[in-house]
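Chemist: Going by my numbering, the sequence shown opens with residue 430, and the numbers climb by one from there.
The structure follows.
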Amino acid sequence: SWDGSISAYEYFGNNQSRKLGEQRHPKPVLSCCYDASGENVFSASCDNTIKLWCPRNNNQFTSVGQHQAPVRCVAYADSMNLVLSGSWDRSIAIWDPRNASDNGAIKPVHSVNLGHKVHAMAVKGNNLVVGLSDLDIKTFDLRNQAKEMFSTKQEAARNDKAVALKRQIRSLGIFTDNTGYVAASVGGRVIIKHFNRNQSGKDFSYKCHRQSAEREKSVQHVFAVNVCRFHPSGVFATAGDDGEIVTWDKDGRAKMFTFQKMEIQNFRNNSGNFDSNIVLNKLPIVALDYDPSGRFMLYASSYNWNKGNAYNDPAQQQPHVYLHEVKPKEVDKNKK
């Protein structure tokens, strides 16, 4: 959370859960992930550190590595048993969690300066995909010292029809078969890219998380797509500032299922701005993921400062984490 806390919960079924424990960074936490065992949590914070925590051993909270600026992303590479981080210091780094310690500086296994802030990151197998502040999306091969394999910006310079994002990159997700990735932006758009550039003809983009204004139908509200995550079936979900979750079939290029929007009931406009073209009653979905079995989807809603401090209303925008049992109609391509 932005309050600096990391909390772990155990779910027992029948809407029963318990809190296993909590740890805190002195500054906001921007990203977290589990290792392959599911026992250890890695967190990335604005205090510039990556830390390791085992919730079942609540006293163990140790440093894995440190950047020179806030760490925006952390991910675990199962294929190498290494931790990957991306920072606003414009670098990505690879860390060995076995070196976790609070005694002195820890050196990364490898690091690369990318020249621009890291805004999003995804890893699967030997593929690492990184979204940058200059709107470039780079692909790296982890088997070869994180060698850069592809850049969307370089491709766009050669081909003005190449599929790319033109607004800030917010989230990345790699296909379940590890043959490509999906990327989402604040501009209400998603792109599909393939690692094998001989299949570039299959790349495409589409608009999403948009709606017409209630009073002026010619005005279209465009919402940021905050997260994109794959279900084991190959279907993926997007979630945005419009408070909406949608599942998609990338192969069929079709929308699968739209969840009920997260809206503030009996909303009261306390901002002092009554412009009907500003949507205030939506509760952004700021995080989402599926458990490895695909049985559950977890998601979180809160105000994410997308409209600035003037529209921050803690009484009405309380953060919540939800656990949802996945239904066949949400992910079964045969039930479209």
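Even glycine gets a Cβ: it sits at the ideal position worked out from N, Cα and C.
Model, not experiment: these values are computed from the prediction.
Determine the DSSP secondary structure at residue 465, reduced to helix, strand or coil.
Modeler: Indexing the sequence shown from 1 puts residue 465 at position 36. The answer is coil: DSSP assigns residue 465 none of H, G, I, E or B.
Chemist: Given residue 453, which residues of its chain have a CB within under 6 Å of its CB, disregarding the five upstream and five downstream residues?
Modeler: By one-based count along the sequence shown, residue 453 stands at place 24. For residue 453, where only same-chain residues beyond five positions count, the Cβ hits under 6 Å are 433 and 434.
Chemist: Quick check: the stretch 644-663 against the stretch 684-694, are there 3 or more CB pairs under 8 Å?
Modeler: With a cut-off of 8 Å, the stretch 684-694 and the stretch 644-663 do not count as touching, because too few Cβ pairs lie within range.
Chemist: Apart from the five residues just before and just after residue 462, which ones in its own chain have a Cβ nearer than 7 Å to its Cβ?
Modeler: Residue 462 sits at position 33 when you count from the first residue of the sequence shown. Closer than 7 Å at Cβ, skipping near neighbours: 471, 503, 504 and 505.
Chemist: Specify, as a first and last residue, the run of the alpha helix (DSSP H) that residue 583 falls within.
Modeler: Here the question's residue 583 lines up with position 154 in the sequence shown. 581-587 is the extent of the alpha helix (DSSP H) around residue 583.
Chemist: Along the beta strand (DSSP E) that carries residue 673, what are the first and last residues, could you check?
Modeler: Within the sequence shown, the letter at position 244 stands for residue 673. Careful: residue 673 lies outside any beta strand (DSSP E) and carries neither H nor E.
Chemist: Could you tell me if residue 621 is buried or exposed, where buried requires 16 or more neighbouring beta carbons within 10 angstroms of its beta carbon?
Modeler: Translated into the one-based positions of the sequence shown, residue 621 becomes position 192. So residue 621 ends up on the buried side.
Chemist: So, is the C-beta of residue 542 closer than 8 Å to a C-beta in chain C?
Modeler: Going by chain labels, chain C is absent from the structure shown, which holds only one protein chain.
Chemist: Measuring alpha carbon to alpha carbon, tell me which residue in 593, 600 and 443 is nearest residue 623.
Modeler: One-based indexing of the sequence shown puts residue 623 at position 194. Selected option, being the one with the closest Cα: 593.
Chemist: Taking the alpha-carbon of residue 558 as reference, which of 694, 723, 601 and 647 has the nearest alpha-carbon?
Modeler: Stepping through the sequence shown from its first residue, residue 558 is reached at position 129. When only C-alpha atoms are compared, the closest one is 601.
Chemist: Considering only C-alpha positions, which residue in the set 665, 588, 613 and 609 is nearest to residue 597?
Modeler: Taking the first residue of the sequence shown as 1, we reach residue 597 at position 168. With distances taken between Cα atoms, residue 597 lies closest to 613.
Chemist: Looking at the structure shown, is residue 628 part of a helix, part of a strand, or coil, going by DSSP?
Modeler: As a working note, residue 628 is residue 199 in the sequence shown. In this structure, residue 628 counts as helix in the three-state DSSP scheme.
Chemist: Can at least three beta-carbon pairs, one atom from the stretch 561-576 and one from the stretch 541-548, be found at a separation below 8 Å?
Modeler: Output reads yes: the stretch 541-548 touches the stretch 561-576.
Chemist: Report yes or no: do the stretch 719-735 and the stretch 744-757 share at least 3 C-beta pairs separated by less than 8 Å?
Modeler: Judged by Cβ distances under 8 Å, the stretch 719-735 makes contact with the stretch 744-757, as three or more pairs qualify.
Chemist: Residue 636 by DSSP, collapsed to three states: which one?
Modeler: If you number the sequence shown from 1, residue 636 lands on position 207. If DSSP states are grouped into helix, strand and coil, residue 636 belongs with the strands.
Chemist: Helix, strand or coil for residue 756, going by three-state DSSP, please let me know.
Modeler: Your numbering for residue 756 matches position 327 in the sequence shown. Coil, per DSSP.
Chemist: Would you say residue 534 touches the ligand SAM, meaning its beta carbon is less than 7 Å from a heavy atom?
Modeler: Absent from the structure shown: the ligand SAM. Ligands present: none.
Chemist: Thinking C-beta only, is residue 534 closer than 8 Å to residue 516?
Modeler: The count along the sequence shown starts at 1 and reaches residue 516 at position 87. The count along the sequence shown starts at 1 and reaches residue 534 at position 105. No, these two residues do not count as a Cβ contact at 8 Å.
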